[in-house]
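Residue numbers (the working numbering): 5 to 70.
Before any comments, here is the structure.
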Amino acid sequence: MTINELQSLKPYLKISALADEIDGINKHTLLSKVRRGTELTIVESDKLEAKLGEVMANGGFEVSRQ
């Protein structure tokens, strides 16, 4: 997941709540990166993608890369 992809989800997603559910991601750091447009680390990106996939699957949606 890139910072641009995460920024595009901001109107639809409470990013701080998502960060709270992921071990190893500080919500303040993540929110600052979103605000400034600073790229995510590979670990942050992987953890965010995994959690988003889990949340969407629980809601009956399927997430896939194009």
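Virtual Cβ for every residue (Gly too), placed ideally from N, Cα, C.
Local conformation of glycine 63 per DSSP, three classes: coil
Arginine 69, enclosing alpha helix (DSSP H) - first and last residue: That residue, arginine 69, is in no alpha helix (DSSP H); it is neither H nor E in DSSP.
Residue range of the alpha helix (DSSP H) that includes valine 8: For clarity, residue 8 is asparagine in the given sequence; the question names valine instead. That run of the alpha helix (DSSP H) goes 7-13.
Between the CA atoms of leucine 56 and tyrosine 16 - distance to the nearest angstrom: 12 Å
Euclidean distance between Cα positions of alanine 21 and arginine 69: 23 Å
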